[in-house]
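Asker: Here the protein sequences come in this chain order: W and X.
All letters in the first sequence, in the order written, are residues 1 to 416 by the numbering used here.
All letters in the second sequence, in the order written, are residues 417 to 650 by the numbering used here.
Yeah, the Cβ is synthetic: ideal placement off N, Cα and C, and Gly gets one too.
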Amino acid sequence: MSTNLRIALRFLTARRKAMVMSLACITLGVGLFVVTQATTTGFERFFIKTIVGTNGAIRIEDRIQETLRTMEAERGSDASGFVVEVKEGRKYIQGIQDPALLIAAVQRFANVSGTSEVLYGSVEMRSSFKNEAARVYGIHLDDHLQVSDLGRQIVRGDLADFRLTPAGTLVGIKLAERLQLEVGDSFQLQAGGEVRRYRVSAIFETGVGDIDKDRLFLHLGEARSLLRRPTGASFIQVNVVDRDRATQDAAHMEAVLGHSASSWQERERTWLDVFRALRLSTSITVSVFTLIAGIAMYNTLALVVMEKTKDIAILRSMGYTRRDVTRIFLWQAAMVLAAGAVLGCGLGAGVTYGVSLMRIRIRGIFTADHFIVAWSVWHYLAAVAISVVMVMAASLLPARRAARLEPGDIIRGTAQ
Amino acid sequence: MSPAGARPLGDPVLRCEDLHRSLGQGEGRVHVLRGVSFAARRGEVYAMVGPSGCGKSTLLYLLGLLDVPDRGEIWIDGQRMSRDDDAARTAARCRHLGFVFQFHFLLLEFTALENVMLPMRKLGRWGPSEMQDRAHALLASVGLASKTHRLGNQLSGGEQQRVAIARALANEPSILLADEPTGNLDVRNSAMVFELLTGLARKNGQAIVVVTHNPELAARCDHTLPMRDGLFLT
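1. Say whether chain X places a C-beta atom closer than 8 Å to the C-beta of F275 (chain W).
2. Just mark V391 (chain W) as buried or exposed, buried being the case when its beta carbon has 16 or more other beta carbons within 10 Å.
3. DSSP three-state call for D483 (chain X): helix, strand or coil?
4. Just to confirm the assignment: which complete alpha helix (DSSP H) runs, minimum length 4, are found wholly within the segment 552-611 of chain X?
5. When the Cα atoms are used, what is the spatial distance from L257 (chain W) to I64 (chain W)?
6. For V448 (chain X), which residues from the same chain have a beta carbon less than 7 Å from its beta carbon, with the 5 sequence-adjacent residues on both sides left out?
7. Are R412 (chain W) and Y477 (chain X) touching if we call contact CB-CB under 8 Å?
8. Counting only beta-carbon atoms, is R327 (chain W) nearer than 8 Å to chain X?
9. Would you please state the rounded distance, in angstroms, between the beta carbons of A302 (chain W) and P398 (chain W)? I believe it to be under 8 Å.
10. Which of the residues in the segment 307-326 of chain W, read from start to end, lie with their CB under 8 Å from any CB of chain X?
11. Give the list of continuous alpha helix (DSSP H) stretches no shorter than 4 residues that lie fully inside the segment 164-222 of chain W.
12. Suppose you measure from the CA of E44 (chain W) to the CA of V351 (chain W); what does that come to, to the nearest Å?
13. Less than 8 Å separating the beta-carbons of L405 (chain W) and T309 (chain W)?
14. Rounding to the nearest angstrom, what Cα-Cα distance links E266 (chain W) and A250 (chain W) in this structure?
15. Taking DSSP as the reference, what is the three-state secondary structure of R404 (chain W)?
16. Short of 6 Å in beta carbon distance, which residues of its chain neighbour R279 (chain W), apart from the five on each side in sequence? Order them along the chain.
17. Does DSSP put L524 (chain X) in a helix, in a strand, or in coil?
18. Can you give me the C-alpha to C-alpha distance between A415 (chain W) and W271 (chain W), rounded to a whole angstrom?
19. Confirm, please, whether the CB-CB distance from A617 (chain X) to V461 (chain X) is below 8 Å.
20. Assuming contact is defined by CB atoms lying nearer than 8 Å, are I60 (chain W) and V238 (chain W) in contact in what I supplied?
21. Report the option in W:A402, W:M297, W:L101 and W:V123 whose CA atom is closest to the CA atom of T115 (chain W).
22. Would you tell me roughly how many angstroms separate the C-alpha atoms of E443 (chain X) and L5 (chain W), rounded to the nearest one?
23. Taking a contact to mean a Cβ-Cβ separation below 8 Å, would you say F46 (chain W) touches F275 (chain W) in this structure?
24. Who are the neighbours of T13 (chain W) on chain X, taking C-beta pairs under 9 Å?
25. Contact criterion: CB-CB distance below 8 Å. Does A507 (chain X) meet it with respect to chain C?
26. If the cut is a Cβ gap below 7 Å, which residues of chain W does R537 (chain X) touch?
27. Can we say the segment 505-517 of chain X touches the segment 290-297 of chain W, given the rule of at least three CB pairs closer than 8 Å?
28. Leaving out five residues on either side along the sequence, give the residues of the same chain with a beta carbon under 8 Å from the beta carbon of T564 (chain X).
29. Give the straight-line distance between the Cα atoms of G421 (chain X) and I591 (chain X), rounded to the nearest whole angstrom.
30. First and last residue of the alpha helix (DSSP H) that includes M19 (chain W)?
31. Give a yes or no on whether the C-beta atoms belonging to V195 (chain W) and L181 (chain W) are separated by under 8 Å.
32. May I ask you to report which of helix, strand or coil DSSP gives V288 (chain W)?
33. For V388 (chain W), which residues in the same chain have their Cβ closer than 8 Å to its Cβ, ignoring the five residues on either side in sequence?
34. Taking the alpha carbon of I51 (chain W) as the point to measure from, which residue in W:E268, W:R224, W:R135 and W:S22 has its own alpha carbon closest?
35. Between W:A255, W:V384 and W:I96, which has its C-alpha nearest Y120 (chain W)'s C-alpha?
36. Name, in chain order, the residues that DSSP records as bridge partners for P467 (chain X).
This is the structure:
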């Protein structure tokens, strides 16, 4: 153990109560930071998992057609050039005309893990209880299972029944509740004046209220027939290996394929911003504890410096340098900080675990029956890093003040 | 303990010339030292005496490199130190100087043994076990062999001052500076501490400069240097 550390360790006992108060503040600051990050990140990740598992990582839709272009003729040696400037624009042509060709092109992107051709349209859904407006999604089941969590979202019934039944459907849970439909029940869909009868093969719950209240899946062929769209598709749902790269991939696809492509980050920007703001605001709020810890440490060390001026003088007279004195006081702060960080991380982990067991019913943007937490080492590292910055910055001032003291002035009794 | 340094005992180990020092700010600034010159040889004891405010302690702190003169020069072991930076003066204090103050200034959270080891730890000349042995021997030489593991605040005033003497001798300094070392002790303890201080220093060949108000103690020193108004009278 270095001499400076040894001296710092003994000096710690000089203001034991104040040091304990600083320790408590650091512990609380680190612990609460970890808990708030774990819960906000947990819910955010679960939301992302839900929306990516429902609407896919990337959606490729309308074709983009460039309308007008600025033209420029190069000035040659024997002729003058010209420029025709117009406001450039693009036109969106609804839907996808040749989905097979587009899917083949999309599958050549390295990050793509699955594609699903989807045709959708509005229908009226009739049960013996009531009628409701609904949106039909025509899919190839096996393709769609590769780009969504539909398989895990089934709450009643069986996907096998849907696979084997041409008139089978998968109905959103809220839509089924509104129409009082259960697995095996029949209902009618009306589109374009034609009415057809279908059967509920299974009921799914994505957790996203807007989807669960009006979405039902049909086999793609049946949807084409019902909606009278024998060719083409409404969009291609794409799954990717690294979902964090979805934005770059979507931009690349849009440029290469000539179709609009939107990533999950783009589609859900509003909610993601809400989560980000929530995480930031809770971080700032709980960082107040760490700030208080820094102020407490500053006060404590300032008091210790005042109390230990004669000790500082005698150490300086023995040959201890100004740097030694600074280190002695910074060691004190570092020891309290280290203890506070360890205790805070323990507190954070314990409370996070406790919170994860708490029951809470959430429906609307996702479905959860208990608090969702995220376990990440980065939360702990961030909490410790914030406390290190605040506490050590606050400690530097009294430590430097101690180092600036002139031993002659102290012994003479004139140190300020 | 081995004698300090290898030079003959008669060599001046500490010398100053034309030292000036003013203290205070603005109109309250006082010219405390007005051109003091002085030399101290190994194995000899010097007593600075004089009324309060005459500049004895100010001179002692300058000689101990705890303060910087406004004018004049200080040599320690032949090396000019008065214009050196703080780091060099701090290193010189560690190697060459030992201090004993009126208020012993022990680190109360440390035992007597640890207090004596503090200067040795900084100097880094000896290993851990050697430092312990030296500290034990020094405390034994001041009559505290049985109290080495007592904290500073578990010792009496006289005992604390004896620990301070042992600590001042820890790095085998060539110069020992003592500012009223017995000023806070009763008569019996004063005599004992003074004898210890001078006896050990003489034995080790160290120059001792003592500031004292006590004329009896001053009379027992090799040289008495009366001061008045910032100057030696002789």
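Answerer: So, to answer that:
1. It does not; no Cβ of chain X falls within 8 Å.
2. Burial call: buried.
3. Here D483 (chain X) sits in coil by DSSP.
4. Within the segment 552-611 of chain X, the complete alpha helix (DSSP H) runs of at least 4 residues are 573-584.
5. If you take the alpha carbons of L257 (chain W) and I64 (chain W), they lie about 9 Å apart.
6. The answer, listed in chain order, is R437, S438, L439, G471, T474 and G646.
7. For R412 (chain W) and Y477 (chain X), yes; Cβs fall inside 8 Å.
8. Output row for R327 (chain W): interface = no.
9. Sure, about 4 Å apart at Cβ, within 8 Å.
10. Of all residues in the segment 307-326 of chain W, those with a C-beta nearer than 8 Å to a C-beta of chain X are K310, D311, A313, I314, L315, R316, S317, M318, G319, Y320, T321, R322 and D324, reading in chain order.
11. Positions of the alpha helix (DSSP H) runs, each at least 4 residues long and wholly inside the segment 164-222 of chain W, are given as 173-178 and 209-212 in order along the chain.
12. Near 19 Å, if we compare the C-alpha coordinates of V351 (chain W) and E44 (chain W).
13. With contacts defined as CB atoms closer than 8 Å, L405 (chain W) and T309 (chain W) qualify as a contacting pair.
14. Rounded to whole angstroms, E266 (chain W) to A250 (chain W) spans 10 Å at the Cα level.
15. Three-state result, R404 (chain W): helix.
16. Hits under 6 Å: T40.
17. Under the three-state reduction of DSSP, L524 (chain X) is assigned to coil, being neither helix nor strand.
18. Note that A415 (chain W) scores 42 on pLDDT, short of 50, meaning its location in the model is unreliable; the coordinates nonetheless yield the value given after this. Roughly 59 Å separates the two Cα atoms.
19. Going by C-beta atoms, V461 (chain X) is nearer than 8 Å to A617 (chain X).
20. Yes, the Cβ-Cβ distance between I60 (chain W) and V238 (chain W) is below 8 Å.
21. The shortest Cα separation from T115 (chain W) among W:A402, W:M297, W:L101 and W:V123 belongs to W:L101.
22. Taking the straight line from one Cα to the other gives about 44 Å.
23. In this structure, F46 (chain W) lies away from F275 (chain W), with their beta-carbon atoms at least 8 Å apart.
24. The answer, in chain order, is E525.
25. Considering every chain present, this structure includes no chain C. Its protein chains are W and X.
26. Residues of chain W passing the Cβ test: T3.
27. With a cut-off of 8 Å on Cβ pairs, the segment 505-517 of chain X is not in contact with the segment 290-297 of chain W, counting fewer than three such pairs.
28. Sequence-distant partners of T564 (chain X) (beyond 5 residues in either direction) whose C-beta falls short of 8 Å from its own C-beta, in its chain, are T527, A528, L529, A551, H552 and L555.
29. Since pLDDT at G421 (chain X) reaches only 43, below the 50 mark, its modelled position is unreliable, and the value read off the structure follows with that caveat. Answer to the nearest angstrom: the Cα atoms are 10 Å apart.
30. For M19 (chain W), the uninterrupted alpha helix (DSSP H) run begins and ends at R16 to N55, by DSSP.
31. Inclusion of V195 (chain W) and L181 (chain W) in the CB contact set at 8 Å is not warranted, their separation being larger than that value.
32. Secondary structure of V288 (chain W) (DSSP, three-state): helix.
33. Sequence-distant Cβ neighbours of V388 (chain W) in its own chain, meaning closer than 8 Å and more than five residues away, are L337 and A341.
34. Nearest in C-alpha terms to I51 (chain W), of all of W:E268, W:R224, W:R135 and W:S22, is W:E268.
35. Measuring from the Cα of Y120 (chain W), the nearest candidate turns out to be W:I96.
36. DSSP lists no partner for P467 (chain X).
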